[in-house]
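Mapping of the sequence shown onto the numbering used here: position 126 corresponds to residue 126, and the numbering continues sequentially without gaps. All C-beta atoms, glycine included, are put in the ideal place defined by N, C-alpha and C. Let me begin by presenting the structure, written as structure tokens, before commenting on it.
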Amino acid sequence: MTRVKLDSKPGTVTLPRQDFLSRLELVEPALSDNSALPILSNIVFNKTSVLAYNDLIAIEVPFDTGIVGAVDGKLLINLLKASRAKTVDLLVDDGCLTIKAATAKLKLPVLDEKSFVFKMPEPRGASRILFVEKIAGPVEHCLRSISKDAAIVEQSGVTMVFDKQGIGLYSTNAQSLSLANVNMTGNTDLRIALPAPFCKQLLGLAIDGAKLHVCKDYVLMTAGNAKLFSRLILVDQGKEINYQKVIDSNIPKGMKPALRPKTLDLVVKRAEVVAGKEGRTTITVEHGKMKFYTASGGGEVVDYLEADKAQPDVAISVQPRYLADTNDFKFMTVINSCVIFADDNNRNIYMAASSSVKS
């Protein structure tokens with residue numbers, strides 16, 4: 001990135017528009033729609049970095065602008081997207097950011113440093129430091145079962161449980177449950193819950209060598225000079241979900257995994273089309289055949305698949321949307337309470353319930 005001062009207007013900096021825009025888009029997910037607190041919808045410029053934060057997460061990436069102040073983030077991003085200029089000139093003067101892009105000249109009000117209510121913490125005093133590459137896959141796996149109802153706090157993120165054997169990651173939305181295990185010995189007991197927005201940005205910002213610093217009431221990911229911050233989800237004591245109990249009560253001991261049908265994806269897609277968002281599909285397994293039956297006001301669809309010899313005879317009803325995007329699993333077993341997907345070593349397991357998951 002180049003930065004030059006223009007002789008005609010001291011204090012003006014010239015930046016490549018696309019480079020500038022790409023850095024702003026990295027922090028955009030942390031912009032809030034809450035107009036009651038303008039700073040939460042603003043991008044903060046700290047001379048050599050750009051930062052955005054809301055009441056849950058914060059993202060900071062390095063970028064040398066020489067500017068100190070904050071402006072409406074989404075408005076700035078959309079204005080830059082609406083330009084084809086190769087470079088933009090920026091000047092902060094008299095409480096405004098003036099942006100010159102080719103023949104266009106734009107002005108945005110600037111909030112000064114007194115309005116800043118957040119400063120990115122340094123990664124010090126962490127009780128755990130993990131390489132993100134160790135947990136990125138398990139976190140992505142667990143995102144499939146995040147609840148969209150933020151009011152149910154204990155279901156709004158990914159829970160990490162540390163013990164001497166390793167790290168277990170879990171999530172549930174009451175209709176499905178995802179769990180993953182990471183081998184990492186030497187841990188002491190600890191349970192934390194990561195908000196879903198943090199988990200999604202962790203995957204987007206992860207690079208080789210990125211680290212996750214687990215502190216008392218927050219987590220901080222460092223990826224090169226970029227930082228991702230989040231407060232931990234505080235779950236009332238006694239409301240924590242006993243995931244092991246859910247697994248033990250739904251998966252019979254000694255159950256042999258059945259191979260996942262190779263053509264399941266197309267069957268599920270057809271069922272989703274007919275069922276819609278809330279419709280259900282009846283799965284019946286009998287005499288080595290799997291029948292998928294879906295009906296709605298718009299029509300019905302029936303599919304048949306060969307059942308693996310390890311698959312027991314059963315009949316259940318599930319929402320087909322919870323069976324989608326499971327092609328990364330080798331095994332699929334249908335039992336009375338749920339459909340279970342697993343990989344070779346049961347490191348990753350996904351359960352789609354025939355009714356609410358029992359806890």
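What are the complete alpha helix (DSSP H) segments, minimum 4 residues, inside the region 90–177?
132–142
Since Gly-299 is in the beta strand (DSSP E), which residue starts that stretch and which ends it?
299–306
Reference Gly-276, options Ser-296, Phe-292 and Ala-258, closest by Cα
Ser-296
Assuming Phe-45 contacts Thr-14 under a Cβ cut-off of 8 Å, what Cβ separation, rounded to an integer in Å, is found between them?
Between Thr-14 and Phe-45 the Cβ distance is about 15 Å, and since that is not below 8 Å, they are no contact.
Count the other CB atoms, across all protein chains shown, that sit within 10 Å of the CB of Tyr-304; report buried if there are 16 or more and exposed otherwise.
exposed
Reduced DSSP secondary structure (H/G/I, E/B, other) of Glu-278
coil
Once the 5 residues before and after Ser-41 are set aside, which same chain residues still bring their CB inside 8 Å of it?
Leu-31, Ser-32, Asp-33, Asn-34, Ser-35, Asp-72, Gly-73 and Lys-74
What does DSSP give as the partner residue(s) for Val-334 in the beta ladder?
Val-339
Is it true that the CB of Ser-178 sits closer than 8 Å to the CB of Thr-159?
no
Taking only the alpha-carbon atoms, compute the straight-line gap between Tyr-350 and Ala-342 and give it to the nearest angstrom.
6 Å
In whole angstroms, what is the alpha-carbon distance linking Pro-123 and Thr-98?
35 Å
Which runs of the alpha helix (DSSP H) fall wholly inside the region 18–73 and span at least 4 residues, in chain order?
none
Give the range of the alpha helix (DSSP H) segment to which Pro-197 is assigned.
196–205
Looking at Ser-156 and Ala-174, is the spacing between their C-beta atoms short of 8 Å?
no
Would you mind sorting Gln-311 into buried or exposed? The rule is 16 or more other CB atoms within 10 Å of its CB.
buried
Limits of the alpha helix (DSSP H) - the one that Ile-247 falls within:
243–250
Tell me which same chain residues have a C-beta within less than 6 Å of the C-beta of Met-290, skipping the five on either side of it?
Leu-305 and Ala-307
I'd like the span of the beta strand (DSSP E) that includes Thr-222, first residue to last.
218–223
For Lys-291, which of helix, strand or coil comes out of DSSP?
strand
Give the straight-line distance between the Cα atoms of Arg-231 and Ala-193, rounded to the nearest whole angstrom.
9 Å
Span of the beta strand (DSSP E) around Arg-260:
Neither: Arg-260 is in no beta strand (DSSP E) and is coded neither H nor E.
Starting from Lys-227, follow the beta strand (DSSP E) in both directions and report where the run begins and ends.
226–231
Under DSSP, the beta strand (DSSP E) around Leu-212 begins and ends at which residues?
211–214
Would you check if there are 3 or more beta carbon pairs closer than 8 Å linking the region 264–278 to the region 323–333?
yes
According to DSSP, Ser-315 sits in a beta bridge with which residue or residues?
Reading off the sequence shown, one finds Ala at residue 315, where the question assumed Ser. In the DSSP output, where bridge partners are listed per residue, Ala-315 has Thr-284.
On the criterion of 16 or more Cβ atoms from any shown chain inside 10 Å, does Lys-227 qualify as buried, or is it exposed?
buried
Pull up the CB-CB distance for Ala-82 and Ile-43, whole angstroms please, since I reckon it's below 8 Å.
Contact flag wrong, Cβ pair sits at about 17 Å.
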